[in-house]
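What follows is a single structure, written as structure tokens, with notes after it.
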Amino acid sequence: MDSVVPAGPAPALAPAPAPQGAPARQVIVAVFDGVELLDVTGPAEVFSVADRLRTPGSPGYVVRLAAVRRGPVRTSSGVRLVADVGFGAPMGAVDTAIVPGGITPQTAGSLPIVEPAVVGWVARRSAAWRRVASVCAGAHMLAAAGLLDGRPATTHWFTAGRLAAEFPAVAVDPDPIFIRSGRIWTCAGVSAGMDLALAMVAEDHGDQLAREVARWMVMYLRRPGGQSQFSAPLAPAAPRTDRIRDAIAWIVEHPGRDLSVPALARHAHLSERHFARLFAREAATTPAAYVETVRVEAVRRALEETDDTLDVVAARCGFTSVETLHRVFRRRLTVIPDDYRRRFRLPSAG
478 MDSVVPAGPA PALAPAPAPQ GAPARQVIVA VFDGVELLDV TGPAEVFSVA
528 DRLRTPGSPG YVVRLAAVRR GPVRTSSGVR LVADVGFGAP MGAVDTAIVP
578 GGITPQTAGS LPIVEPAVVG WVARRSAAWR RVASVCAGAH MLAAAGLLDG
628 RPATTHWFTA GRLAAEFPAV AVDPDPIFIR SGRIWTCAGV SAGMDLALAM
678 VAEDHGDQLA REVARWMVMY LRRPGGQSQF SAPLAPAAPR TDRIRDAIAW
728 IVEHPGRDLS VPALARHAHL SERHFARLFA REAATTPAAY VETVRVEAVR
778 RALEETDDTL DVVAARCGFT SVETLHRVFR RRLTVIPDDY RRRFRLPSAG
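Position one of the sequence shown corresponds to residue 478 (the numbering used here), numbered consecutively onward.
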């Protein structure tokens, strides 16, 4: 099926030597105590597989880890990584630098790790790098280094609100899997780092190699950067009152029903004005915005799980026409419904 890497003989995975005249692109991944392991190893493995599957004669990749000093670094999972080089040491030409994230638990709630040594290294040296990327909460360190000012950026949904509050010059969008703004790339949590790395491989070598890498790693064919990080029911803040909780549950369970403010207010036994104000205060979004989010999520599931035509999907998910569905879906996910179905339709659909 189109949504998964097709079965069949895999290409031989042998080291592809870089002949003279095609030097390898150096990818440096910053590491620090508490770093998320998959933020580091996911992108590193994508570049490693791409290096072994690339066409002989084309530039390959070499991945190195950098830290405060050479030697072992303890990740959040307890697994130790070994840094190849210290931040202050010569590194040669750096093509791509990746800053992964880390979350440290606190009494008042978990906080993204902002390692001063990483921030200083990025601020001092990044002007010479072709690409700079963050994975997950690593966006906080790119922001602290000043690289995200005036740019759109994303991060793990858990820390997006904090990133926006602490760095108001950054246009934080908590929804996409990754965002590219010129030479600066940011992406969502953990596994999204592999989607970002695949997009970089495609930029360097074309879609065909990226497809082969995804196939080898048994990944979904490259998810577009605009695909949402999380399902709609997880998006709003947790409401305090039963009436708003019930309204949210009603919206999620009945996307095709009349979900206008008057209808929802009647369901909650509140006046329209009081319902709209209470919903906005407790869910941190308007009723109309949340209804649209839920309906887009319902369309996504239908496209992934069924062969229903778009007019059937539109009616069942609360859109007045296929044209409206197209317009909202594309605005939200930057991809049209047909393309989304082609990429993400599950093997069991139909």
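In this text, a Cβ means the ideal position worked out from N, Cα and C, and glycines have one as well.
#1: In or out: Ala760 buried (at least 16 other Cβ within 10 Å) or exposed?
#2: Quick check: what's the CA-CA separation for Arg754 versus Arg639?
#3: Would DSSP call Arg692 helix, strand or coil?
#4: Which one of Val695, Arg660, Ala676 has the shortest CA to CA distance from Trp606?
#5: Do Ala560 and Ala544 count as a contact pair if the criterion is CB distance below 8 Å?
#6: Can the beta-carbon of Ser553 be found closer than 8 Å to that of Gly511?
#7: Over what stretch of residues does the beta strand (DSSP E) that includes Ser611 continue unbroken?
#8: In chain order, which continuous runs of the beta strand (DSSP E) of length 3 or greater are located wholly inside the segment 510-593?
#9: Which runs of the alpha helix (DSSP H) at least 4 residues long sit entirely within the segment 596-642? Give them in chain order.
#10: Alpha carbons only, please: which of Pro814, Arg818, Asp719 is nearest the one belonging to Leu747?
#11: With 16 other CB atoms within 10 Å as the buried threshold, where does Ser603 fall?
#12: One question on the structure: do Val649 and Ala637 come within less than 8 Å of each other, judged by their Cβ atoms?
#13: On the criterion of 16 or more Cβ atoms from any shown chain inside 10 Å, does His751 qualify as buried, or is it exposed?
#14: Determine whether the beta carbon atoms of Ser611 and Val576 lie at a separation below 8 Å.
#15: Would Leu736 and Val768 qualify as a contact pair, given that the criterion is a beta-carbon distance under 8 Å?
#16: Please report the straight-line C-alpha distance between Ser571 and Ala775, rounded to a whole angstrom.
#17: Taking C-beta to C-beta, are Met671 and Thr573 nearer than 8 Å?
#18: Under DSSP, the beta strand (DSSP E) around Thr663 begins and ends at which residues?
#19: Have a look at Arg722 and Trp634 and give me their C-alpha separation to the nearest angstrom.
#20: I'd like to know if Arg754 contacts chain B, where contact means its C-beta is closer than 8 Å to some C-beta of that chain.
#21: With a CB to CB cut of under 8 Å and the five nearest residues on each side skipped, what residues in its chain are close to Leu745?
#22: Does Ala507 come out as helix, strand or coil in the three-state DSSP assignment?
From the atom records:
#1: For the purposes of this step, residue 760 is identified with residue 283 of the sequence shown, where counting begins at 1. It is buried - the Cβ of Ala760 has at least 16 other Cβ atoms within 10 Å.
#2: To locate residue 754, count along the sequence shown from 1; it is residue 277. To locate residue 639, count along the sequence shown from 1; it is residue 162. Rounded to whole angstroms, Arg754 to Arg639 spans 24 Å at the Cα level.
#3: Taking the sequence shown and counting its residues from 1, one reaches residue 692 at position 215. Arg692: helix per DSSP, three-state reduction.
#4: Position 129 of the sequence shown, counting from 1, holds the residue named residue 606. The option with the nearest alpha carbon to Trp606 is Arg660.
#5: Here residue 544 is taken as the residue at index 67 of the sequence shown, counted from 1. Here residue 560 is taken as the residue at index 83 of the sequence shown, counted from 1. Yes, the Cβ-Cβ distance between Ala544 and Ala560 is below 8 Å.
#6: On the sequence shown, residue 553 is found 76 positions in, with the first residue counted as 1. On the sequence shown, residue 511 is found 34 positions in, with the first residue counted as 1. Result yes, Cβ atoms of Ser553 and Gly511 sit closer than 8 Å.
#7: The sequence position of residue 611 within the sequence shown is 134, counting from 1. Taken as a continuous stretch (DSSP letters only), the beta strand (DSSP E) holding Ser611 covers 608-612.
#8: 538-544, 548-551, 557-560, 573-576
#9: 616-621
#10: If you number the sequence shown from 1, residue 747 lands on position 270. Checking every option, the nearest Cα to that of Leu747 belongs to Asp719.
#11: Position 126 of the sequence shown, counted from the start, is the residue given in the question as residue 603. By the neighbour-count rule (16 or more Cβ atoms within 10 Å), Ser603 is buried.
#12: Taking the first residue of the sequence shown as position 1, residue 649 is located at position 172. Taking the first residue of the sequence shown as position 1, residue 637 is located at position 160. Taking 8 Å as the Cβ cut-off, Val649 and Ala637 qualify as a contacting pair.
#13: Here residue 751 is taken as the residue at index 274 of the sequence shown, counted from 1. Answer is exposed; the Cβ neighbour count stays below 16.
#14: The count along the sequence shown starts at 1 and reaches residue 611 at position 134. The count along the sequence shown starts at 1 and reaches residue 576 at position 99. In contact: Ser611 and Val576 (Cβ atoms closer than 8 Å).
#15: Position 259 of the sequence shown, counting from 1, holds the residue named residue 736. Position 291 of the sequence shown, counting from 1, holds the residue named residue 768. In this structure, Val768 lies closer than 8 Å to Leu736 by Cβ.
#16: To locate residue 571, count along the sequence shown from 1; it is residue 94. To locate residue 775, count along the sequence shown from 1; it is residue 298. For clarity, residue 571 is Val in the given sequence; the question names Ser instead. Roughly 43 Å separates the two Cα atoms.
#17: Counted from its first residue, the sequence shown places residue 671 at position 194. Counted from its first residue, the sequence shown places residue 573 at position 96. Not a contact, by the Cβ cut-off of 8 Å.
#18: Against the sequence shown, residue 663 aligns to sequence position 186. Its beta strand (DSSP E) spans residues 661-664.
#19: Here residue 722 is taken as the residue at index 245 of the sequence shown, counted from 1. Here residue 634 is taken as the residue at index 157 of the sequence shown, counted from 1. Distance between the alpha carbons of Arg722 and Trp634 is about 21 Å.
#20: Looking at the structure shown, chain B is missing, and only one protein chain is on hand.
#21: In the sequence shown, residue 745 corresponds to position 268, counting from 1. First, the amino acid is wrong: residue 745 is Ala here, not Leu. Contacts found: Arg720, Ile721, Asp723, Ala724, Phe752.
#22: Mapped onto the sequence shown, residue 507 falls at position 30. DSSP places Ala507 in strand when its eight states are reduced to three.
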